[in-house]
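The structure under discussion appears below in the form of structure tokens.
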Amino acid sequence: MVKWINVVKTSAVEPGQNIVIKLDNEDIAIFNTGTEFYAINNTCPHQGGPLNEGTLAGEVVTCPWHGWQYNLKSGCPITTPNLRTYPLRLDGDTLQIAITPEAPANNGLEDTVFNQTVETDQVYGILEQIQLGKTLDEVFENIYAGLQNVVPHNRLGIALIDESSGDLVQCKTKSNRKILLDNGFSAKIKGSSLEPILNSGEARIIDDFKEILARRPTNWTRLMVQEGMRSNLTLPLKVQGKPIGVVFFTSERPRAFSEVHIGRLKPIAGQLSILIEKGDWTDKLAENNKRYRTLFEMSNDAIFICPSLTEAFVTVNENFCAWLGYTHQELVNLSLRDLMPPDEFQNTRETLKGLDLQNPITFQTELSRKNKHRLSLEIRAIRIEHDEREFIQGFARDLSEIKALNAQLKEHHSFGNLIGKNRKMQEIFELIRLVAPMKTTVLIQGESGTGKEPIAHAIHDNSERAKKPFIRVNCAGLVDNLLESELFGHVKGAFTDAIATREGRFAAADGGTLFLDEIGELSLGTQAKLLRVLQEGEYEMVGSTETKKVDVRVIAATNRILKAEIDAGRFREDLYYRLNVVPITPPPLRERRDDLPLLIEHFIEKFSQQTQKPIHRAAPDALEILMDYTYPGNVRELENVIEHAFVKCQGGSIEKQHLPLDLISSRDDIVTQALRESDPLAALERELVQRVLEASDGKPQLAAQRLGISRTTLWRKLKAV
Numbered sequence: 003m004v005k006w007i008n009v010v011k012t013s014a015v016e017p018g019q020n021i022v023i024k025l026d027n028e029d030i031a032i033f034n035t036g037t038e039f040y041a042i043n044n045t046c047p048h049q050g051g052p053l054n055e056g057t058l059a060g061e062v063v064t065c066p067w068h069g070w071q072y073n074l075k076s077g078c079p080i081t082t083p084n085l086r087t088y089p090l091r092l093d094g095d096t097l098q099i100a101i102t103p104e105a106p107a108n109n110g111l112e113d114t115v116f117n118q119t120v121e122t123d124q125v126y127g128i129l130e131q132i133q134l135g136k137t138l139d140e141v142f143e144n145i146y147a148g149l150q151n152v153v154p155h156n157r158l159g160i161a162l163i164d165e166s167s168g169d170l171v172q173c174k175t176k177s178n179r180k181i182l183l184d185n186g187f188s189a190k191i192k193g194s195s196l197e198p199i200l201n202s203g204e205a206r207i208i209d210d211f212k213e214i215l216a217r218r219p220t221n222w223t224r225l226m227v228q229e230g231m232r233s234n235l236t237l238p239l240k241v242q243g244k245p246i247g248v249v250f251f252t253s254e255r256p257r258a259f260s261e262v263h264i265g266r267l268k269p270i271a272g273q274l275s276i277l278i279e280k281g282d283w284t285d286k287l288a289e290n291n292k293r294y295r296t297l298f299e300m301s302n303d304a305i306f307i308c309p310s311l312t313e314a315f316v317t318v319n320e321n322f323c324a325w326l327g328y329t330h331q332e333l334v335n336l337s338l339r340d341l342m343p344p345d346e347f348q349n350t351r352e353t354l355k356g357l358d359l360q361n362p363i364t365f366q367t368e369l370s371r372k373n374k375h376r377l378s379l380e381i382r383a384i385r386i387e388h389d390e391r392e393f394i395q396g397f398a399r400d401l402s403e404i405k406a407l408n409a410q411l412k413e414h415h416s417f418g419n420l421i422g423k424n425r426k427m428q429e430i431f432e433l434i435r436l437v438a439p440m441k442t443t444v445l446i447q448g449e450s451g452t453g454k455e456p457i458a459h460a461i462h463d464n465s466e467r468a469k470k471p472f473i474r475v476n477c478a479g480l481v482d483n484l485l486e487s488e489l490f491g492h493v494k495g496a497f498t499d500a501i502a503t504r505e506g507r508f509a510a511a512d513g514g515t516l517f518l519d520e521i522g523e524l525s526l527g528t529q530a531k532l533l534r535v536l537q538e539g540e541y542e543m544v545g546s547t548e549t550k551k552v553d554v555r556v557i558a559a560t561n562r563i564l565k566a567e568i569d570a571g572r573f574r575e576d577l578y579y580r581l582n583v584v585p586i587t588p589p590p591l592r593e594r595r596d597d598l599p600l601l602i603e604h605f606i607e608k609f610s611q612q613t614q615k616p617i618h619r620a621a622p623d624a625l626e627i628l629m630d631y632t633y634p635g636n637v638r639e640l641e642n643v644i645e646h647a648f649v650k651c652q653g654g655s656i657e658k659q660h661l662p663l664d665l666i667s668s669r670d671d672i673v674t675q676a677l678r679e680s681d682p683l684a685a686l687e688r689e690l691v692q693r694v695l696e697a698s699d700g701k702p703q704l705a706a707q708r709l710g711i712s713r714t715t716l717w718r719k720l721k722a723v
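In the numbering used here, each residue carries its 1-based index in the sequence shown increased by 2.
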């Protein structure tokens, strides 16, 4: 059992001074830092005292009594013995020191000093680092790592008072979780829960953030909960009685802190305060804020801060004023709603519904200049907190510049109507450039919807035939006898319905390009006639013996595997090799997923122009669905999805509910879910086992039978789940 004995009145130790007591044949120095007391067996008069006595060698002073060495300028010890700290507490105005009853104490004391634990040694290790002149960064890292056994913390933070604003600003943060409340976060002290801590110098313990959040919700508490933190210990930082900030220890466990932890940490808080003051950290904080304001004004963006869309701006930078033609004083009396046309305000209000402290939202809108002209902007908005209030901070860029940059990017990643930065698409673009100037036939083979016709158009548009006709024939759309007439034409009386002579598609394409889509559907007879045109450049109309000459470039396309059709006897091998001079195989969309953002943006822009709807983006939840979907119908299906969304969307951005139901429901598919995991196979097995067990009414034996595994194997898999 630990006992406490009286040692000295607090009034006997002035702030910044120390007194020495003798305990069990050991001299103990009790220091008053101005904010708390601590006891240590360093009684050298140079410790925290004058350096005007002792042997001087360069910048090192050697104490004549103890032989300890100190730096002349900083007063910090260079060499010291194995030091220890001792637990202290206050009983009224009397300091008490901890002792144990097992052994007699010296000088009439009935007990001995409480045996120092590993935790106390670790605390002193940090104190020694501070005394040895370590930097705040080094000490901060060592506190976080070195005190894990002393104080059960998962997050450590230091916040300092900015004297110019009176705010408390987060300066140092370290956590084992994703940090949401990071360096730079500031809050007003006056009226806050931290004000009494700084004024009184007393520590504060929060047992459970969730309980606090339920009673008095604030963004600070909510962010702590979102970070996974549950309890907190806050100690004030003071120098000569003046508060300079606080240090936070935060844990993932509720009720992780007690008065014992406060006692252990008070000496560290006191020494931290001195270290921060010596390092001019408060001055650096003021300088950083000044630098932030300079960056605020020098930014190329137009920046604004406002409480909401309908409340007046709190502040704006010079660019925002210049772009809109208002003075700063005029703008701080206006709101975003005042500057937005009614339709833009409604769209923006819908867009910003999901705005929070973690996820910025980028959107396009228009604001009215003072001269009533409209300014198109792209705004990146984020919610920030100040003085326990939430604000919207916006960074705006002139959309004319954005459009110019996007046009350059699109030009770099496009070829005609083809869009793609994917390596395979870039190779196709290069092949189009090479083959376009020539008359060479091209065979495009690929899945439906991969863009075979746009490739054919790109070849035609970049050839010398660009001003001549581009004629498309769907070979699967007509029966064989009509298809032959469609291609080569017919004379009057050639068949029952041939009431007049009619030119075919080859004649219509003379001098230009004939695109034969779905060429795998041609009959063998028609294939033979097509081969003749390709080889000789001549043909006969149906019902005629007159040979006609034609200059046509043929581009063929199919979603069939023609080599398999040859093996099956459905396609002529000689025609295949005559067509397949330059083969092009566009990849399916699942093999070029890096092109999805470009394609989504392209189709949004396309339908925005066609429909005249002010839709310029997809909301994050909708974009996530669009990016996850596998698109068996490839690019054509993606285009249809965006067009579907434009029909339903009445706001400024495509939301989840505007997408087709099969896209939304596909996210519930276990394969789709597994593909989003780092180990898809394990995730798929895990989900499958759980679903089969549910379908078996929770009966393991039945589930094992359905899965074709033993009950032992099932139990092992369930345990892994």
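Beta carbons are placed, not taken as given, at the ideal position from N, Cα and C, and that holds for glycine.
CB residue i to CB residue j, shorter than 8 Å?
| i | j | result |
| --- | --- | --- |
| I602 | G654 | no |
| R555 | K423 | no |
| P702 | R713 | yes |
| P245 | L182 | no |
| K176 | L158 | yes |
| V15 | I32 | yes |
| L138 | L277 | yes |
| R385 | F397 | no |
| H155 | T252 | yes |
| S337 | A314 | yes |
| L445 | A558 | yes |
If you draw a straight line from the alpha carbon of residue i to that of residue j, how long is it in whole angstroms?
| i | j | result |
| --- | --- | --- |
| D681 | A41 | 55 Å |
| S667 | M427 | 30 Å |
| P269 | K240 | 12 Å |
| F431 | H646 | 29 Å |
| M231 | K374 | 50 Å |
| L225 | R638 | 43 Å |
| H462 | K469 | 9 Å |
| P17 | E38 | 9 Å |
| N636 | T452 | 6 Å |
| D209 | P198 | 18 Å |
| F605 | I421 | 10 Å |
| D519 | L536 | 16 Å |
Exposed or buried, residue i, counting other C-beta atoms within 10 Å across all chains shown (16 or more means buried)?
| i | result |
| --- | --- |
| S450 | exposed |
| R435 | exposed |
| R592 | exposed |
| D169 | buried |
| R257 | exposed |
| I473 | buried |
| Q612 | exposed |
Going by C-alpha to C-alpha distance, which of the options sits closest to residue i?
| i | options | result |
| --- | --- | --- |
| K650 | N642, L661, L640, E641 | L661 |
| L598 | V584, R580, A620, N582 | A620 |
| L274 | A304, R257, V249 | V249 |
| R391 | V334, N221, V493, V475 | N221 |
| P89 | S202, E261, E657 | E261 |
| I568 | L526, G545, K608, D553 | L526 |
| F365 | R376, K372, R351 | R351 |
| T443 | G514, I656, D664 | G514 |
| G506 | N582, K565, L484, L267 | L484 |
| F490 | K550, G571, L480, F417 | K550 |
Name the one or two DSSP bridge partners that residue i has.
| i | result |
| --- | --- |
| Q172 | A161 |
| D29 | K24 |
| A41 | I32, Y88 |
| P245 | K240 |
| H492 | R504, V544 |
| D400 | L379 |
| L665 | None; L665 has no bridge partner. |
| F472 | T515 |
| L445 | A558, P585 |
| K550 | Y541 |
| T317 | I307 |
| D93 | T96 |
| S233 | S253 |
Counting only beta-carbon separations shorter than 8 Å, does residue i have a partner in chain B?
| i | result |
| --- | --- |
| I30 | Here chain B cannot be found, since the structure has a single protein chain. |
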